[in-house]
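Residue numbers (our numbering), protein chains in the order written: chain A, 107 to 203; chain B, 11 to 142.
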């Protein structure tokens with residue numbers, strides 16, 4: 107059976123995360139975890155109700171992204187499909203992707 | 011009734027609400043830059059789109075934080091003087107003329123912007139191949 111160059115590249119693992127991509131996912135996770143901690147901490151200290159609410163919303167956004175990136179790392183096969191599915195299901199369902 | 015304090019109020023040596031929001035704004039800017047860099051370094055198209063989507067979302071967050079501070083007067087910005095705008099415009103109009111850019115640019119879609127195959131597969135020059 108013959109494969110074209112793209113199929114061969116795919117069979118050889120082109121659709122896994124590269125080291126460079128993994129490095130950026132790690133950076134992003136570090137940044138998001140810190141931003142989440144900061145938002146939660148500051149929200150508690152805020153005197154203004156609207157500012158407190160804004161920071162709680164920010165905390166939820168960082169929390170959701172951390173879940174998304176962990177789900178990206180859990181990708182069983184094709185990382186392209188997993189990344190696109192995570193974007194489509196943003197906000198729901200990616201924990202069980 | 012919502013509890014709306016003066017955001018700038020802070021006891022000596024402690025952070026005010028505005029300080030905390032400024033800190034979050036700085037974080038949002040750095041995170042947005044990080045996602046833009048991450049997208050630029052991606053090999054996989056799906057992962058690139060993933061990072062670009064997060065970049066867009068974080069840019070939107072940054073805008074919300076900025077507007078919150080800006081509308082309350084804690085992030086003042088200054089309008090450019092019309093004379094300064096004219097000065098810059100004239101400088102680049104002059105360069106434009108010097109470069110002879112009188113004709114309108116073409117709106118055709120360049121083949122290089124949307125190749126049918128990745129350049130490495132399409133061209134595959136000898137210099138592109140690995141030497142073991």
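Idealized CB from N, CA, C, for every residue including glycine.
Proximity winner among the options, relative to residue i (alpha-carbon distances)
i: residue 141 of chain A; options: A:175, A:168, A:177 and A:158; result: A:168
i: residue 164 of chain A; options: A:190, A:147 and A:129; result: A:147
i: residue 138 of chain A; options: A:170, A:186, A:182 and A:192; result: A:170
i: residue 74 of chain B; options: B:35, B:19, B:117 and B:114; result: B:35
i: residue 155 of chain A; options: B:17, B:109 and B:72; result: B:17
i: residue 51 of chain B; options: A:195, A:184 and A:128; result: A:128
i: residue 183 of chain A; options: B:92, B:103, B:70 and B:56; result: B:56
i: residue 86 of chain B; options: B:99, B:78 and B:117; result: B:78
i: residue 40 of chain B; options: B:107, B:72 and B:99; result: B:72
i: residue 121 of chain A; options: A:196, A:153 and A:181; result: A:181
i: residue 70 of chain B; options: B:38, B:98 and B:115; result: B:38
i: residue 191 of chain A; options: B:49, B:92 and B:59; result: B:59
DSSP state of residue i mapped onto helix, strand, coil
i: residue 116 of chain B; result: coil
i: residue 124 of chain A; result: coil
i: residue 92 of chain B; result: helix
i: residue 33 of chain B; result: helix
i: residue 47 of chain B; result: helix
i: residue 154 of chain A; result: coil
i: residue 181 of chain A; result: coil
i: residue 25 of chain B; result: coil
i: residue 146 of chain A; result: helix
i: residue 107 of chain B; result: helix
i: residue 130 of chain A; result: helix
i: residue 107 of chain A; result: Reliability fails at residue 107 of chain A, whose pLDDT of 44 lies under 50, so the model's placement of it is uncertain and no value is given.
i: residue 166 of chain A; result: helix
N-terminal and C-terminal residue of the alpha helix (DSSP H) that residue i is part of
i: residue 17 of chain B; result: That residue, residue 17 of chain B, is in no alpha helix (DSSP H); it is neither H nor E in DSSP.
i: residue 56 of chain B; result: 55-81
i: residue 191 of chain A; result: 185-194
field: Segment contact, 8 angstroms Cβ cut-off, at least three pairs: the segment 61-69 of chain B with the segment 39-48 of chain B
entry: Touching, yes.
- request: Could you name the residues of the segment 52-76 of chain B whose beta carbon sits closer than 8 angstroms to any beta carbon of chain A, in the order they occur along the chain?
  value: Using a CB distance below 8 angstroms, the part of the segment 52-76 of chain B facing chain A consists of 52, 53, 54, 55, 56, 57, 59, 60, 61, 63, 64, 67, 71, 74 and 75, ordered along the chain.
query: Taking Cβ-Cβ distances below 9 angstroms as the criterion, which residues of the segment 34-45 of chain B are in contact with chain A?
result: For the segment 34-45 of chain B, the residues whose beta carbon sits under 9 angstroms from a beta carbon of chain A are, in order, 34, 37, 38, 40, 41, 44 and 45.
message: Across the segment 150-159 of chain A and the segment 174-193 of chain A, are there enough close Cβ pairs to call them in contact, namely three or more that are closer than 8 angstroms?
response: The answer is no - the segment 174-193 of chain A does not touch the segment 150-159 of chain A, with fewer than three Cβ pairs under 8 angstroms.
- prompt: When the Cβ atoms of the segment 21-36 of chain B are set against those of the segment 72-88 of chain B, are three or more pairs found closer than 8 angstroms?
  reply: Cβ pair count under 8 angstroms is three or more, so yes.
- request: Check distances from the C-beta atoms of the segment 77-92 of chain B to those of chain A and list, in chain order, the residues that come in under 8 angstroms.
  value: Within the segment 77-92 of chain B, the qualifying residues are 78.
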